[in-house]
Amino acid sequence: MPTIIEIQSLVKQYPNLTAVKGIDLEIEKGCCFGLLGPNGAGKTTTMEMMEGITPASSGKILYKGQPLGHQFKEECGIQFQHTALQEFLSVKETLNFFHGLYPTPMALDEVIETCALESFIDNDNRKLSGGQRQRLLLGIALINNPSIVFLDEPTTGLDPQARHNFWDLIRSIQARQTTIILSTHYMEEAAELCDEIAIMDHGKIIAQGPPKTLLHEYFDTRLVKVPEADVSVSLDELGMDAIRYQGWIEISTNNVSDTLRQLLKLDINLNNLHIRQHNLEDLFLHLTGKELRV
Amino acid sequence: MKRFLAMLHARNLEFVRDRAALGWNIIFPILLVVGFAMIFSNENRELYKVGVIGEGEHPFLNSRYIQFIPEKDKASAITKIERHQVDLLFSHNEQHYWINSTSPNGYIVEKILIASDGPKLSKGTVSGKELRYIDWVVPGILGMNMMFSALFGIGFVLVRYRKNGVLKRLKGTPLSITEFILAQIFSRLTLIVSVSILVYVSCDLVLDFAMHGSYLLLLIVLILGALSLISMGLLVAARFHSDELAGGLVNFMSWPMMLLSGVWFSLEGAPDWIKFSADLLPLTHVVDAARSIMLDGAGIWDVGHHLIILILMTLVFLFIGVKTFRWD
Chain C
-11 MPTIIEIQSL
-1 VKQYPNLTAV
9 KGIDLEIEKG
19 CCFGLLGPNG
29 AGKTTTMEMM
39 EGITPASSGK
49 ILYKGQPLGH
59 QFKEECGIQF
69 QHTALQEFLS
79 VKETLNFFHG
89 LYPTPMALDE
99 VIETCALESF
109 IDNDNRKLSG
119 GQRQRLLLGI
129 ALINNPSIVF
139 LDEPTTGLDP
149 QARHNFWDLI
159 RSIQARQTTI
169 ILSTHYMEEA
179 AELCDEIAIM
189 DHGKIIAQGP
199 PKTLLHEYFD
209 TRLVKVPEAD
219 VSVSLDELGM
229 DAIRYQGWIE
239 ISTNNVSDTL
249 RQLLKLDINL
259 NNLHIRQHNL
269 EDLFLHLTGK
279 ELRV
Chain D
40 MKRFLAMLHA
50 RNLEFVRDRA
60 ALGWNIIFPI
70 LLVVGFAMIF
80 SNENRELYKV
90 GVIGEGEHPF
100 LNSRYIQFIP
110 EKDKASAITK
120 IERHQVDLLF
130 SHNEQHYWIN
140 STSPNGYIVE
150 KILIASDGPK
160 LSKGTVSGKE
170 LRYIDWVVPG
180 ILGMNMMFSA
190 LFGIGFVLVR
200 YRKNGVLKRL
210 KGTPLSITEF
220 ILAQIFSRLT
230 LIVSVSILVY
240 VSCDLVLDFA
250 MHGSYLLLLI
260 VLILGALSLI
270 SMGLLVAARF
280 HSDELAGGLV
290 NFMSWPMMLL
300 SGVWFSLEGA
310 PDWIKFSADL
320 LPLTHVVDAA
330 RSIMLDGAGI
340 WDVGHHLIIL
350 ILMTLVFLFI
360 GVKTFRWD
């Protein structure tokens, strides 16, 4: 697949803060790319530079090999983290307005159907629920049939059901071969949706690749979890690669059978035992070095 | 063009929906005009007023309860009789007097003049409707209303858009700054022109105020005036983020105009530097031009300099506004 957007040594310097410290990315056409990181990692600044909203202090952004220009504006769709809508307009009028700004927009009915806006189409913008609002904002981002869509933390603040609905929407955009650039701090979301992710911290990319490859690269073990209350011995007596975390003893192992045998030998109650693979959450904590596990 | 129309339509809808603001824009000036009419309708003039041209003696000039006002210029003095501002004009130089044939006061004062046993004077009559304060103040109030609508509707609203992020979202679309600003200007211009016409017509129905000139010319003054004031609002709207600061700046612009542009009182007789400052304000030219047209029936050549100044101001403000405008 050809590269649709490429950034080279991108830096954003604010008067007393360097928000982005030189990052390079190449994103393929049709890919769903996830930008992950804790709050303040520089995700939004990076996204806004790529969207042409915030000027970069140095570095290059190329869309289809060209600097961002009028063509990019006609072909990109944007959903900001906080997008204000004009007051006093209904959902339909808002869509109509954005529809009028593009040369070859998607038919309104198609937008309404894709984003399931029908049930509140005549409501005032100010009277939408969180999920409805995000769907409208996505509708606006899609209205120009974009080649590339930027979604900045689109599901933050949504309840689980609304989030799952939103994921379905994003999958349907993926099916159109639209490139998606998604920032999130929900690891589950990135694992569900993204073909490739980059983990950012302190303005830099600290790991990049398809989620599965990254997990393989960093973890070759399984995680066995037992409630702390069920373990009568100390960590030292346990004699395993184990830590205490949020009321659980977490044991990393590459031989689950051996570990279970040892636990049985120590007469530990296994009624509440969990065994799982490492997930992005673990990777994220591992990489960003947030000392959450101490 | 399509983008411009989309923006224009969205802005118009937004305004029409905002019933409170729309209502206030229409009702406020009407209340103001009607209120003034009521306050000034019972104006009791205790004295008769007689204008006197030249120096000399005449027994009439010793009459009691008549205020004698020296007049220098005959033409302007005659205008005063036409407007019932003086009841009779007395000229020593020509041994002549003028009264307004429609003025009851003029009739009485003439009787007093004839009854005084001085030399006979020749008589001239003029006619003309009484000029009330309300006739004088209506162009001012219409202008002031237009000023507030222009400055707040552009200056304040665009800053609010910037603050809450509406402009940032628009930056991510192909809409250009020029298209955006033109749409804002035309939306506001349409609104101001319609509201002004509505207010003018409804006040005229109640008060039947003076209009001696061309409606077309008055409309041109209205449009050019609105454009200059809207462009002035753009100066505030171009960059600021804080709507409180913008509100303050808009007030800072509007109060000098309220006081110096001749909305409520004439600056005749004020020091030259005040008159000069007033001439730097667009509203001064709007009110002066509208007043000349409505009260004196002035034609395009009489108010042409005001129109040219308004056009120049519009161009300067627009240029600065567009050049300095930022989405975020």
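Sequence lines, in order, name chains C and D. Taken in order, the first sequence gives residues -11 to 282; the numbers are from this note's numbering. Taken in order, the second sequence gives residues 40 to 367; the numbers are from this note's numbering. Glycine included, C-beta positions come from ideal geometry on N, C-alpha and C.
Find the nearest neighbour of residue i within the set the options, judged by alpha-carbon distance.
i	options	result
C:E16	C:E205, C:E(-6), C:Q149 and C:V79	C:E(-6)
D:P109	D:L357, D:R103, D:F219 and D:H131	D:H131
C:T201	C:E184, C:D97 and C:F86	C:E184
D:L99	D:A154, D:W294 and D:L274	The question names Leu, but residue 99 of chain D in the sequence shown is Phe. That would be D:A154, whose Cα lies nearest to the Cα of D:F99.
D:P371	D:K88, D:G360, D:V176 and D:H345	No information on residue 371 of chain D is available, as it lies outside the stretch 40 to 367 that chain D covers here.
C:V214	C:D208, C:S240, C:P199 and C:K192	C:S240
C:L170	C:S(-3), C:M(-11), C:V8 and C:K31	C:K31
D:S300	D:P178, D:L237 and D:H48	D:P178
C:T144	C:D208, C:G197, C:V8 and C:Q67	C:Q67
D:L13	D:V355, D:V55 and D:L266	The structure shown has nothing for residue 13 of chain D, since chain D only spans 40 to 367.
D:G157	D:H97, D:R103, D:N64 and D:Q134	D:H97
C:M175	C:M188, C:Q165 and C:G57	C:M188
D:S270	D:R365, D:L298, D:R227 and D:G145	D:R227
D:A369	C:Q165, C:G235, C:L116 and C:F76	Summary: the structure shown does not reach residue 369 of chain D, with chain D confined to residues 40 through 367, and so no result is reported for it.
C:Y233	C:G118, C:D270, C:F85 and C:Q(-4)	C:D270
Kindly indicate which three-state DSSP category residue i falls into: helix, strand or coil?
i	result
D:W340	helix
C:R289	Nothing can be reported for residue 289 of chain C: it is not among the residues displayed for chain C, which extend from -11 to 282.
C:R281	Since pLDDT at C:R281 reaches only 31, below the 50 mark, its modelled position is unreliable, and the value read off the structure follows with that caveat. Looking at C:R281 - three-state DSSP - the assignment turns out to be coil, as it is neither helix nor strand.
C:E39	coil
C:Q149	helix
C:I161	helix
D:Y146	helix
D:W303	coil
C:E269	helix
D:H135	strand
C:G197	strand
C:C103	coil
C:S135	coil
D:C372	Missing from the structure shown is residue 372 of chain D; chain D here goes from 40 to 367 and no further.
Can you check whether the C-beta of residue i is within less than 8 Å of a C-beta belonging to chain D?
i	result
C:G88	yes
C:E75	yes
C:A72	yes
C:P(-10)	no
C:V282	The predicted position of C:V282 is uncertain, since its pLDDT is 29 and thus under 50; no value can be drawn from it.
C:E141	no
C:F207	no
C:F85	yes
C:K61	yes
C:F108	no
C:I(-7)	no
C:H173	no
C:I41	yes
C:E279	Because C:E279 sits at a pLDDT of 39, beneath the cut-off of 50, its placement in the model cannot be relied upon, and the following sentence gives the value as read from the coordinates. Chain D, which has no Cβ nearer than 8 Å to the Cβ of C:E279, makes this no.
C:H58	yes
Measure the beta-carbon distance from residue i to residue j and round it to whole angstroms, keeping in mind my assumption that it falls under 8 Å.
i	j	result
C:P93	C:I131	5 Å
C:F138	C:E225	With 8 Å as the limit, C:F138 and C:E225 do not qualify as a contact, their Cβ atoms being about 52 Å apart.
D:I332	D:V260	7 Å
D:V342	D:V326	Wrong, their Cβ atoms sit about 11 Å apart, outside the cutoff.
C:L125	C:L157	With a Cβ gap of about 11 Å, C:L125 and C:L157 do not count as contacting.
C:C182	C:P134	Not confirmed; about 18 Å, so no contact.
D:V198	D:D112	Wrong, their Cβ atoms sit about 49 Å apart, outside the cutoff.
Please confirm whether residue i has its beta-carbon closer than 8 Å to some beta-carbon of chain C.
i	result
D:V205	yes
D:R42	yes
D:E283	no
D:L396	This structure does not reach residue 396 of chain D, given that chain D is present from 40 up to 367, and the question cannot be answered.
D:D57	yes
D:L45	Looking at the sequence itself, residue 45 of chain D is Ala, so the reference to Leu does not match. Taking Cβ atoms only, chain C reaches closer than 8 Å to D:A45, which makes this a yes.
D:L230	no
D:A249	no
D:L221	no
Below 8 Å, can you find three or more Cβ-Cβ pairs linking the segment 211 to 230 of chain C to the segment 260 to 277 of chain C?
The segment 211 to 230 of chain C makes contact with the segment 260 to 277 of chain C, as at least three CB pairs between them are under 8 Å.
What residues from the segment 188 to 215 of chain D come within 7 Å of chain A, judged by C-beta to C-beta, listed N to C?
Judged by its chain identifiers, the structure shown contains no chain A, and its protein chains are C and D.
Whether or not the segment 278 to 294 of chain D and the segment 205 to 219 of chain D are in contact is what I'm after, with contact meaning three or more pairs of Cβ atoms, one per stretch, closer than 8 Å; do they touch?
Under the three-pair Cβ rule at 8 Å, the segment 205 to 219 of chain D does not count as touching the segment 278 to 294 of chain D.
Please determine if the segment 112 to 128 of chain D and the segment 87 to 103 of chain D are in contact, where contact requires at least 3 C-beta pairs separated by less than 8 Å.
Contact between the segment 112 to 128 of chain D and the segment 87 to 103 of chain D is present, because at least three Cβ pairs lie under 8 Å.
So does the segment 69 to 77 of chain D actually touch the segment 164 to 182 of chain D, counting three or more Cβ pairs closer than 8 Å?
Contact between the segment 69 to 77 of chain D and the segment 164 to 182 of chain D is present: 3 or more CB-CB pairs across the two stretches fall below 8 Å.
Contact between the segment 270 to 278 of chain D and the segment 353 to 361 of chain D (3+ Cβ pairs under 8 Å):
Touching, yes, given that three or more Cβ pairs across the two stretches are closer than 8 Å.
Is it a yes or a no for the segment 21 to 37 of chain C touching the segment -3 to 13 of chain C, going by three-plus beta-carbon pairs under 8 Å?
The segment 21 to 37 of chain C, when compared against the segment -3 to 13 of chain C, does touch it at the 8 Å Cβ threshold.
Between the segment 70 to 81 of chain C and the segment 43 to 56 of chain D, are three or more C-beta pairs nearer than 8 Å?
With a cut-off of 8 Å, the segment 43 to 56 of chain D and the segment 70 to 81 of chain C count as touching, because enough Cβ pairs lie within range.
Inter-stretch contact (C-beta, 8 Å, three-pair minimum) for the segment 192 to 208 of chain C and the segment 42 to 51 of chain D
Fewer than three pairs of CB atoms, one per stretch, sit closer than 8 Å, so the segment 192 to 208 of chain C makes no contact with the segment 42 to 51 of chain D.
Do three or more CB pairs link the segment 161 to 171 of chain D to the segment 131 to 150 of chain D at distances below 8 Å?
When C-beta atoms of the segment 161 to 171 of chain D are compared with those of the segment 131 to 150 of chain D, three or more pairs fall below 8 Å, so the two segments count as touching.
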